[in-house]
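The structure appears right after this line, and notes come after that.
There are 2 protein chains.
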Amino acid sequence: MKIYDWHIAPNPRRVHIYLAEKGLHIPLVEVGEGFVLKQDYRDKFPQAMVPLLELDDGTTIGECMAICRYFEALHPDPPLFGTDPMSSAQITCWENRANEEGIMAVGEVFRNTHPEFADRGLPGSAEKIPQNAALVERGKARVNRFFQKIDGQLSNNQFLAGDTYSAADITGLCAVDFGGWIEMGPEDKFGEQFPNVRRWHKEVSSRPSAKA
Amino acid sequence: MKIYDWHIAPNPRRVHIYLAEKGLHIPLVEVGEGFVLKQDYRDKFPQAMVPLLELDDGTTIGECMAICRYFEALHPDPPLFGTDPMSSAQITCWENRANEEGIMAVGEVFRNTHPEFADRGLPGSAEKIPQNAALVERGKARVNRFFQKIDGQLSNNQFLAGDTYSAADITGLCAVDFGGWIEMGPEDKFGEQFPNVRRWHKEVSSRPSAKA
Chain A
106 MKIYDWHIAP
116 NPRRVHIYLA
126 EKGLHIPLVE
136 VGEGFVLKQD
146 YRDKFPQAMV
156 PLLELDDGTT
166 IGECMAICRY
176 FEALHPDPPL
186 FGTDPMSSAQ
196 ITCWENRANE
206 EGIMAVGEVF
216 RNTHPEFADR
226 GLPGSAEKIP
236 QNAALVERGK
246 ARVNRFFQKI
256 DGQLSNNQFL
266 AGDTYSAADI
276 TGLCAVDFGG
286 WIEMGPEDKF
296 GEQFPNVRRW
306 HKEVSSRPSA
316 KA
Chain B
106 MKIYDWHIAP
116 NPRRVHIYLA
126 EKGLHIPLVE
136 VGEGFVLKQD
146 YRDKFPQAMV
156 PLLELDDGTT
166 IGECMAICRY
176 FEALHPDPPL
186 FGTDPMSSAQ
196 ITCWENRANE
206 EGIMAVGEVF
216 RNTHPEFADR
226 GLPGSAEKIP
236 QNAALVERGK
246 ARVNRFFQKI
256 DGQLSNNQFL
266 AGDTYSAADI
276 TGLCAVDFGG
286 WIEMGPEDKF
296 GEQFPNVRRW
306 HKEVSSRPSA
316 KA
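Protein sequence lines correspond, in order, to chains A and B. Each residue of the first sequence is one higher than the last, beginning at 106 in our numbering. Each residue of the second sequence is one higher than the last, beginning at 106 in our numbering.
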């Protein structure tokens with residue numbers, strides 16, 4: 106079993122932190138080379154997305170949360186996707202928001218500004234997709250809205266989905282730290298507007314898994 | 106318990122079909138009015154997204170799959186999220202792709218072309234987000250890539266995540282039918298390129314749940 110990895114990228118980091126919280130050690134195969142995926146990986150998996158879990162029989166599981174939920178089913182403790190229908194639902198909800206409204210929004214800004222992503226405006230794409238300047242402002246508005254939303258949620262919850270650390274916090278942490286790549290992280294001037302995010306960010310960042 | 110609903114929209118439809126497959130009847134409260142959400146709903150839930158499940162004690166669960174997984178935990182039969190770690194992982198993976206690469210891609214085209222969405226380039230947004238013509242071509246390329254991907258998957262699988270109908274097919278069906286809104290559905294000329302999608306679409310559309 107191994108995971109094809111691009112260590113610096115925010116989506117693989119969701120899986121690194123998850124595995125560290127579980128105490129699981131799965132071999133990682135680095136397929137990133139600076140800001141691109143190696144050609145032999147793209148030849149083998151034309152979808153060209155990471156992370157990707159490959160079992161010894163060649164079966165693959167793509168998508169961060171599909172990988173994490175696979176391990177959750179095999180190793181339920183400590184639970185990171187809830188312990189009853191309601192806690193699980195809240196975790197699924199906030200994890201999804203952190204991905205769609207956080208990581209994707211930052212990615213929209215990053216991919217449409219960083220010179221290394223000229224002509225790569227979308228992930229996992231073989232065809233050339235030009236950068237789109239209008240998406241930069243739109244993406245920043247989305248990031249701002251995401252921080253507002255989670256700051257509200259964290260104003261009366263210790264963690265993103267309630268009073269227990271969960272997969273929602275993992276994706277949330279990856280999202281707000283990714284915000285730092287565009288100077289919209291909790292430690293940036295931008296972050297000063299969101300005291301609850303800062304309090305939570307300090308707490309979840311201090312867990313050893315955050316460095317995985 | 107009730108679900109705030111916008112009956113014509115693709116995301117609420119994911120939940121309608123899911124509930125019909127389960128034989129569950131949850132009261133739906135229509136909060137759409139043509140192409141906007143009613144003001145009293147937006148006042149009560151400023152996030153302004155649907156569907157939203159509200160329990161009798163006022164607790165809410167947002168996000169389609171959080172709602173569906175909540176009901177899955179309460180009513181496991183028939184299983185729509187798998188029966189073992191691997192089948193569950195494949196369903197999570199393909200369900201997620203159908204959402205991110207299918208529904209979101211069609212939405213990108215639709216929201217940036219339809220006159221009713223002028224200044225509403227993003228869902229759930231209070232601020233004005235202008236339409237962006239460059240996203241129309243980009244979105245069409247994404248939709249095309251999504252159909253290619255699922256056509257490949259369906260060339261050797263009866264259903265999107267293997268040999269059993271699942272939540273992945275529900276989101277997949279909503280995605281490809283949403284494609285019809287921009288003339289990129291399975292029954293459009295565009296769809297002729299994807300025989301496996303057409304075969305699968307006919308099969309999943311014939312289930313009574315598809316009309317829910």
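Ideal Cβ placement from N, Cα and C applies to all residues, glycine included. These numbers come from a predicted model, not from an experiment.
Thinking just about the alpha-carbon of each residue, which of E138/A, I255/A and P291/A is nearest to the one in Q152/B?
I255/A
Nearest by alpha-carbon distance to Y123/B: which of V134/B, Y146/B, K143/B and P156/B is it?
P156/B
Can you tell me whether H306/A is buried or exposed? The criterion is at least 16 other CB atoms within 10 Å of its CB, across all chains shown.
buried
Where do the N-terminal and C-terminal ends of the alpha helix (DSSP H) with T164/A fall, by residue?
Element bounds for T164/A: n/a, residue is neither H nor E.
What's the call for Q263/A, buried or exposed, on a 16-neighbour Cβ count within 10 Å?
exposed
I want to see whether chain A comes within less than 9 Å of I255/B, judged by CB atoms only; does it?
no
Within 9 Å (strictly less), CB to CB, does Q195/A reach chain B?
yes
Taking 9 Å as the CB-CB limit, is R174/B close to chain A?
yes
Within-9 Å CB hit, A239/A to chain B
yes
Inter-stretch contact (C-beta, 8 Å, three-pair minimum) for the region 241-248 of chain B and the region 161-179 of chain B:
no
Are the C-beta atoms of N201/A and some chain E residue less than 9 Å apart?
Looking at the structure shown, chain E is missing, and the protein chains on hand are A and B.
For F264/B, the residue or residues it bridges with in DSSP
G267/B
Run through the DSSP bridge pairs and tell me what G107/B is partnered with.
Gly is not the amino acid found at residue 107/B; the sequence shown has Lys there. DSSP lists E159/B as partners of K107/B.
Name the residue from A273/B, P132/B, M154/B and D148/B whose alpha carbon lies nearest to the alpha carbon of F140/B.
M154/B
Min CB distance C279/B to chain A below 9 Å:
no
Within 10 Å of its beta-carbon, does K127/B have 16 or more other beta-carbons around it, so buried, or fewer, so exposed?
buried
Mind checking who G137/A pairs with in its DSSP beta bridge?
L142/A
For L160/A and Q195/B, I'd like the C-alpha separation in whole angstroms.
13 Å
Taking only beta carbons into account, state which residues of the region 278-302 of chain A come closer than 9 Å to chain B, listed in chain order.
none
Is it true that the CB of C279/B sits closer than 9 Å to the CB of P132/B?
no
Are the region 183-195 of chain B and the region 206-217 of chain A touching by the rule of at least three beta carbon pairs closer than 8 Å?
no
Could you list which residues in chain B have their beta carbon closer than 7 Å to that of P132/A, in chain order?
By Cβ distance, chain B contributes nothing, its closest Cβ being about 18 Å from P132/A, past 7 Å.
Is A239/B near N237/A, with beta carbons less than 9 Å apart?
yes
Which stretch, first to last residue, makes up the alpha helix (DSSP H) that contains P235/A?
First-last for P235/A: undefined, no H or E at that position.
beta-carbon G257/A near the ligand ZN non-hydrogen atom, thresh 8 Å
No copy of the ligand ZN appears in this structure; indeed no ligand is present at all.
Give the interface partners of A167/B over in chain A, defined as CB-CB distance under 7 Å, in chain order.
According to the sequence as given, residue 167/B is Gly; it is not Ala. Per Cβ cutoff of 7 Å: C198.
Is any beta-carbon of chain B found at less than 9 Å from that of A272/A?
no
Using DSSP's beta-bridge definition, name the partner residues of R225/A.
I234/A
Would you say P115/A faces chain B, with C-beta separation under 9 Å as the test?
no
Once the 5 residues before and after S271/A are set aside, which same chain residues still bring their CB inside 6 Å of it?
L185 and I196
Report the option in Y109/A, A125/A and P190/A whose CA atom is closest to the CA atom of A317/A.
A125/A
Neighbourhood of R118/B by C-beta, 6 Å cutoff - its chain only, sequence neighbours within 5 removed:
C279
Could you tell me if P220/A is buried or exposed, where buried requires 16 or more neighbouring beta carbons within 10 angstroms of its beta carbon?
exposed
Contacting residues, own chain, Cβ-Cβ under 7 Å from Q144/A (five flanking each side not counted)
none
With burial defined as no fewer than 16 other Cβ atoms inside 10 Å of the residue's Cβ, what is the status of Q258/A: buried or exposed?
buried
Measure the Cβ-Cβ separation of G277/B and A203/B and say whether it is below 9 Å.
yes
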